[in-house]
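Remarks on the structure that follows.
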Amino acid sequence: MVRVYLSESDHGLKPLLKCLHDELKVRGATVTRGVAGFGASGVVHGTSLVDLSADLPLVLEFFDRPERARAAIERIKDFVQPGHIVSWSVNVESSGN
Amino acid sequence: MVRVYLSESDHGLKPLLKCLHDELKVRGATVTRGVAGFGASGVVHGTSLVDLSADLPLVLEFFDRPERARAAIERIKDFVQPGHIVSWSVNVESSGN
Amino acid sequence: MVRVYLSESDHGLKPLLKCLHDELKVRGATVTRGVAGFGASGVVHGTSLVDLSADLPLVLEFFDRPERARAAIERIKDFVQPGHIVSWSVNVESSGN
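Protein chains in written order, with our numbering: chain A, 843 to 939; chain B, 843 to 939; chain C, 843 to 939.
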């Protein structure tokens with residue numbers, strides 16, 4: 843599982859999704875919009891929960907086989923700031939594991 | 843931790859939640875709606891971020907003890923398409939680990 | 843990666859975010875609002891997906907180095923009910939791992 847942290851002000855989501863879909867052909871990807879958060883910049887976004895901030899966090903996640911996930915991370919790491927990609931191992935139900 | 847990928851057009855969420863709650867009695871479950879994504883079908887949903895698509899991704903997650911989570915996966919795997927359930931190990935704070 | 847389960851009715855989010863940001867200075871945090879879910883209380887929230895419940899689940903996540911994440915869990919565990927904090931190991935891209 844690979845998670846990429848973006849923010850709505852990045853405008854980085856569309857090219858990243860396009861790369862994952864068209865070029866890397868990962869099995870699937872989901873993007874979730876946070877309702878609050880802060881990052882290394884120290885800015886707290888949307889803690890009021892009614893703040894219609896234009897800079898809420900976006901979290902993109904996808905999973906694929908380990909070697910493909912690793913290659914995808916290498917390919918996309920220039921799309922985002924350092925330290926904004928995390929990954930962990932998961933079992934996929936259909937693999938029998 | 844068990845994650846199940848659904849989409850809004852599946853109409854599979856309610857029976858799945860009901861099964862998890864009434865029959866399997868897992869400790870808790872949360873459902874998050876994605877704002878964009880694509881799946882094995884190759885369809886990109888909502889990348890415009892203003893697209894009020896009726897088919898956005900839904901991500902259901904729950905956690906329980908490993909043997910109970912495993913049993914739950916076996917029970918619910920017929921609710922969803924193959925490869926749409928992933929799981930990974932987590933530590934729970936109250937367990938002292 | 844540390845995940846904390848809250849609900850909108852807790853009013854615990856703001857003090858928790860403040861603690862994570864001001865005192866623990868974790869690298870970042872994101873908060874996501876679920877669209878449905880249930881907890882140990884057995885209450886099912888928002889399964890209709892149009893229910894404008896005031897008590898939807900909130901999921902706060904942050905990551906940091908293992909020893910800092912551990913310390914953060916110890917600090918924040920009194921903010922939430924037992925069993926509402928889970929954690930798992932992740933690789934961060936910029937670490938070369």
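C-beta: ideal position from N, C-alpha, C; glycine also.
At least 8 Å separates the CB of H853(A) from every CB of chain B. Under DSSP, L848(C) shares a beta bridge with L900(C).
Closest option to E935(C), judged by alpha-carbon separation, among A914(A), V873(A) and V932(A): A914(A). Distances from the alpha-carbon of R869(A) to those of P924(B), K856(B), V844(B) and G854(B) put P924(B) closest. Cβ neighbours of V928(C) within its own chain (closer than 7 Å, five residues either side excluded): R845. Secondary structure at S931(A): coil, using DSSP grouped into helix, strand and coil.
Here A911(C) has V844 as same chain residues with Cβ atoms under 6 Å from its own Cβ, once five neighbours each way along the sequence are excluded. Here the alpha carbon of L902(B) sits roughly 15 Å from the alpha carbon of R875(A). In the structure shown, the three-state DSSP call for F921(A) is helix. The continuous stretches of alpha helix (DSSP H) do not include L866(B), and DSSP gives it neither H nor E. V922(A) is a Cβ neighbour of L848(A), given a cutoff of 8 Å. Between the alpha carbons of F904(B) and D864(A) lies a gap of roughly 31 Å. Of the other Cβ atoms in all chains shown, 16 or more fall within 10 Å of the Cβ of H926(B); this residue is therefore buried.
If you check the CB distance, R917(B) and L866(B) come in under 8 Å. K860(A) and E909(A) have their C-alpha atoms some 20 Å from each other. Beyond the five residues adjoining it in sequence on each side, D906(B) comes within less than 7 Å, by CB distance, of V868, R869 and A914 in the same chain, given in chain order. Nearest in C-alpha terms to V873(B), of all of S931(C), L900(C) and D920(C), is L900(C).
The beta-carbon of G870(C) is placed less than 8 Å from the nearest beta-carbon of chain A. Exclusion of the five residues before and after S931(B) leaves M843 and P908 as the residues of its chain whose Cβ lies within less than 8 Å of its Cβ. Between A871(A) and D920(C), the alpha-carbon positions lie close to 35 Å from each other.
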